[in-house]
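Engineer:
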Amino acid sequence: MEFKVLQKILAEEDNVAADIRRLLQKHHIAMVNLISSPGSGKTTLLEKTLPMLSKRYRLGVIEGDVETDRDAQRLRKCEVPMVLVNTHGACHLNSMTIFNALQELPLHDLDLVFIENIGNLVCPAEFDVGEAAKIAVLSTPEGDDKPLKYPFLFRESRLCLLNKIDLLESVDFNRKRFYGDLKAVNPLLPVIEISATKGEGLEQWVEWLEAVVQQSGFESKKR
Amino acid sequence: MHELTVIAHLVRSVEELSKEKKITRVHKLKLLVGELQALNGEALQLAFAAASKNTVAEEAVLEIERVAAQLSCEDCLQTSACVDEQLQCALCGGVRVRVTQGKELILESVEGEVL
């Protein structure tokens, strides 16, 4: 006997993501999801970004790592509320994990939450965790072929950060090819070239984040 | 590896349905997977073999049907096939497009023995 079902398989995950969106909306919190390969510089980027924003906005971090609290230790110096999530092998953070992590953050006292996802260009892109924007972080030593190799991430993202731009001359990264390929995959995806270690481009990145915070109703908050 | 997460949800849905419809053994599952989903067919099968063990779907065949991707263009207002996974209208070259088909991840049907 055959039964027609027509049921979305990730409906549960999507429902939790919708709950997260409602929760964030209620508190006027913007949440962005940083996705990249291991070693592209997400943690360094946060180390530099948090102090640039912490005077104007109340920040929080959900730090995803397969194992260890190494990244969390590095970010602790920034003195923003942080939840560490160890996935013990799992390749991405799912919406339930994010929902639980948010409960541990002071939601009444936050404007912007960063998720540092598990280093992986495939799986984290596939899951909606209720974020305002997925951000693809790519670094020049990884090569210019990533948009074509991992189109899903670059399609789902609202911004691409091209990190380690200071190394451009010493690595095999063809900027023209990168932009050409990216345009084919997602013509409307904006790119900001940055060097998290040298500081290049970070002002522009911070401006982008501020626009996202404003969109989440920051002005309407009673402070 | 996220194929395992997808399959775990699938198996749970099938178990729930089987309980509700009194299916004692599932023979076949039909899954619709959009072309734009980054899901590997082999990995899905492997995950299914592992996740369906000791469930009503243990001996079931997982049939995967790919759904072609389609875009709707806001410039020329037409619908066209999405070529090479590119978010660009194949008819007018416009980039203000919406994916109207190709992101599916749907359990279409379940075939099995009923009490």
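Quick mapping for you: the protein sequence lines, in order, are chains B and Y. Using the numbering used here, the letters of the first sequence correspond one by one to residues 1 to 223. Using the numbering used here, the letters of the second sequence correspond one by one to residues 1001 to 1115. For each residue, glycine too, the CB sits at the ideal point set by N, CA and C. As the structure is a prediction and not an experimental result, all values here were calculated from the model.
Measure the C-alpha to C-alpha separation of B/Gly180 and B/Asp144 and round it to an integer number of angstroms.
Structural biologist: Here residue 180 of chain B refers to the residue found at position 180 when the first sequence is read from its first residue. Here residue 144 of chain B refers to the residue found at position 144 when the first sequence is read from its first residue. Each residue's alpha carbon lies about 10 Å from the other.
Engineer: Tell me whether B/Ile9 sits in a helix, a strand or coil according to DSSP, three-state version.
Structural biologist: The residue labelled residue 9 of chain B in the question sits at position 9 within the first sequence. Reduced to three states, the DSSP call for B/Ile9 is coil.
Engineer: Can you name the start and end residues of the alpha helix (DSSP H) that B/Met1 belongs to?
Structural biologist: For the purposes of this step, residue 1 of chain B is taken as the residue at position 1 of the first sequence. From DSSP, B/Met1 is part of no alpha helix (DSSP H); its letter is neither H nor E.
Engineer: Could you check which residue in B/Arg58, B/Val171, B/Ala125 and B/Leu84 has the C-alpha nearest to that of B/Asp69?
Structural biologist: Stepping through the first sequence from its first residue, residue 69 of chain B is reached at position 69. Ranking the options by Cα distance to B/Asp69, first place goes to B/Leu84.
Engineer: Can you have a look at B/Glu131 and say buried or exposed, based on whether 16 or more other CB atoms are within 10 angstroms of its CB?
Structural biologist: What you label residue 131 of chain B is simply residue 131 of the first sequence in a count that begins at 1. Buried, by the Cβ-count rule.
Engineer: So Y/Val1061 contacts chain B; which residues on that side make the cut at Cβ distance below 8 Å?
Structural biologist: On the second sequence, position 61 is the one that residue 1061 of chain Y refers to. Chain B residues near Y/Val1061: none, gap ~13 Å exceeds 8 Å.
Engineer: Does any residue of chain Y bring its CB to less than 7 Å from the CB of B/Glu2?
Structural biologist: Numbered from its first residue, the first sequence carries residue 2 of chain B at position 2. True, the Cβ-Cβ gap to chain Y drops below 7 Å.
Engineer: Cutting at 6 Å between CB atoms, please list the residues of its own chain near B/Ser139, excluding the five before and the five after it.
Structural biologist: On the first sequence, residue 139 of chain B is found 139 positions in, with the first residue counted as 1. Cβ within range, chain order: Ser40, Gly41, Asn163 and Lys164.
Engineer: Quick check on DSSP: helix, strand or coil for Y/Gln1070?
Structural biologist: Position 70 of the second sequence, counted from the start, is the residue given in the question as residue 1070 of chain Y. Reduced to three states, the DSSP call for Y/Gln1070 is strand.
Engineer: Alpha carbon to alpha carbon, how far is Y/Val1083 from B/Gly217?
Structural biologist: Here residue 1083 of chain Y refers to the residue found at position 83 of the second sequence. Here residue 217 of chain B refers to the residue found at position 217 of the first sequence. Roughly 38 Å separates the two Cα atoms.
Engineer: Taking the C-alpha atoms as reference points, what is the distance between B/Val5 and Y/Phe1048?
Structural biologist: Numbered from 1 along the first sequence, position 5 holds the residue referred to as residue 5 of chain B. Numbered from 1 along the second sequence, position 48 holds the residue referred to as residue 1048 of chain Y. Cα-Cα distance, rounded: 18 Å.
Engineer: If I measure Cβ to Cβ from B/Ser276 and keep anything under 8 Å in the same chain, skipping five residues before and after, which residues do I get?
Structural biologist: This structure does not reach residue 276 of chain B, given that chain B is present from 1 up to 223, and the question cannot be answered.
Engineer: With a threshold of 7 Å between beta-carbons, can Y/Ile1106 be considered close to chain B, or not?
Structural biologist: Here residue 1106 of chain Y refers to the residue found at position 106 when the second sequence is read from its first residue. Yes - at least one Cβ of chain B is within 7 Å of the one on Y/Ile1106.
Engineer: For B/Leu110, which residues of its own chain have a beta-carbon under 8 Å away from its beta-carbon, when the five flanking residues on both sides are left out?
Structural biologist: For the purposes of this step, residue 110 of chain B is identified with residue 110 of the first sequence, where counting begins at 1. Cβ within range, chain order: His27, Ile29, Arg58, Leu59, Gly60 and Pro81.
Engineer: Taking the alpha-carbon positions, what's the Y/Ala1113 to B/Leu24 distance?
Structural biologist: The count along the second sequence starts at 1 and reaches residue 1113 of chain Y at position 113. The count along the first sequence starts at 1 and reaches residue 24 of chain B at position 24. With the sequence shown as reference, residue 1113 of chain Y is identified as Glu, and Ala is not the correct amino acid for it. Roughly 45 Å separates the two Cα atoms.
Engineer: Which first and last residues belong to the alpha helix (DSSP H) in which Y/Ile1007 is found?
Structural biologist: Position 7 of the second sequence, counted from the first residue, corresponds to residue 1007 of chain Y. Unbroken alpha helix (DSSP H) run through Y/Ile1007: Glu1003 to Lys1021.
Engineer: Run down chain B in chain order and give the residues with a C-beta less than 9 Å from the C-beta of Y/Gly1034.
Structural biologist: Within the second sequence, residue 1034 of chain Y is the residue found at index 34, counting from 1. Those do not exist, as Y/Gly1034 stays about 11 Å from chain B at its closest Cβ, beyond 9 Å.
Engineer: Return the first residue and the last residue of the beta strand (DSSP E) that Y/Gly1112 is part of.
Structural biologist: Taking the first residue of the second sequence as 1, we reach residue 1112 of chain Y at position 112. Note, Y/Gly1112: beta strand (DSSP E), Leu1105 to Val1114.
Engineer: Do the CB positions of Y/Leu1107 and B/Ile194 come within less than 7 Å of each other?
Structural biologist: What you label residue 1107 of chain Y is simply residue 107 of the second sequence in a count that begins at 1. What you label residue 194 of chain B is simply residue 194 of the first sequence in a count that begins at 1. The answer is no: Cβ separation not under 7 Å.
Engineer: Starting from the N-terminal side, write out each stretch of the alpha helix (DSSP H) that is 4 residues or longer and does not extend beyond the stretch 1034-1100 of chain Y.
Structural biologist: With a minimum length of 4 residues, the continuous alpha helix (DSSP H) runs that stay inside the stretch 1034-1100 of chain Y are 1041-1051.
Engineer: Could you say if the stretch 1017-1029 of chain Y and the stretch 203-212 of chain B meet the contact criterion of at least three C-beta pairs nearer than 8 Å?
Structural biologist: In short, these stretches do not touch, since the Cβ pair count stays below three.
Engineer: Between which residues of its own chain and Y/Leu1032 is the CB-CB distance below 6 Å, once the five residues before and five after are set aside?
Structural biologist: Here residue 1032 of chain Y refers to the residue found at position 32 of the second sequence. For Y/Leu1032, where only same-chain residues beyond five positions count, the Cβ hits under 6 Å are Glu1065, Val1067, Glu1104, Ile1106 and Glu1108.
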